[in-house]
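Asks: I have a structure I would like to understand better, so I am pasting it below and will then ask my questions one at a time.
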Amino acid sequence: MSKPEEIKEERKAPAVIVKTEEERDVEELREVLKAVSEFLKELSPTLKDLIETILGSLRGDALGKEVGVFYRSLIEAGIKEETATKMTEEFLRRKMEMVNVAEILPKLSQMAPRKQVEVVEKKTAEKESGEEKSG
Numbered sequence: 032m033s034k035p036e037e038i039k040e041e042r043k044a045p046a047v048i049v050k051t052e053e054e055r056d057v058e059e060l061r062e063v064l065k066a067v068s069e070f071l072k073e074l075s076p077t078l079k080d081l082i083e084t085i086l087g088s089l090r091g092d093a094l095g096k097e098v099g100v101f102y103r104s105l106i107e108a109g110i111k112e113e114t115a116t117k118m119t120e121e122f123l124r125r126k127m128e129m130v131n132v133a134e135i136l137p138k139l140s141q142m143a144p145r146k147q148v149e150v151v152e153k154k155t156a157e158k159e160s161g162e163e164k165s166g
């Protein structure tokens with residue numbers, strides 16, 4: 032009688048990964064930045080439409096018509112000419128202030144993703160340099 036062949040299965044123990052607090056922080060930061068990035072991508076079309084609306088109303092021809100209509104409506108409503116002129120000047124001044132906001136928003140949106148990447152890269156570089164020192 033022959034011995035039954037022994038079947039040996041090599042089973043590897045599951046790998047146990049121990050992470051330092053710093054590594055967990057880096058992972059958490061990555062998740063947060065990913066969520067922020069997705070939010071900004073969703074928000075981007077809305078901001079773009081808003082900026083186009085603001086800038087569109089500040090085109091010379093459109094702005095001139097809008098100021099003229101504003102002034103005429105004040106006069107037609109019985110506002111004195113001097114008061115209507117002052118109100119129209121204030122209306123135009125505030126419109127022009129919007130240009131500054133419209134110019135700032137795209138700059139901010141361009142800066143935000145770069146800062147996120149820099150933070151992740153910095154954390155990764157710090158992590159790697161820490162491993163090199165301990166290794």
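For what it's worth, the numbering used here labels the leading residue of the sequence shown as 32, then goes sequentially. Yeah, the Cβ is synthetic: ideal placement off N, Cα and C, and Gly gets one too. Remember, predicted model here, so these are calculated numbers, not experimental data.
1) Give the secondary structure of A108 by DSSP, where H, G and I count as helix, E and B as strand, and everything else as coil.
2) To the nearest angstrom, how far is the alpha carbon of G87 from that of V100?
3) M32 by DSSP, collapsed to three states: which one?
4) Are three or more beta carbon pairs between the segment 93-109 and the segment 62-76 nearer than 8 Å?
Replies: Checking against the coordinates, here is how it stands:
1) coil
2) 16 Å
3) Bear in mind that the predicted position of M32 carries a pLDDT of just 49, short of 50, making it unreliable; the figure below should be weighed with that in mind. In the structure shown, M32 sits in coil (DSSP, three-state: anything other than H, G, I, E or B).
4) no
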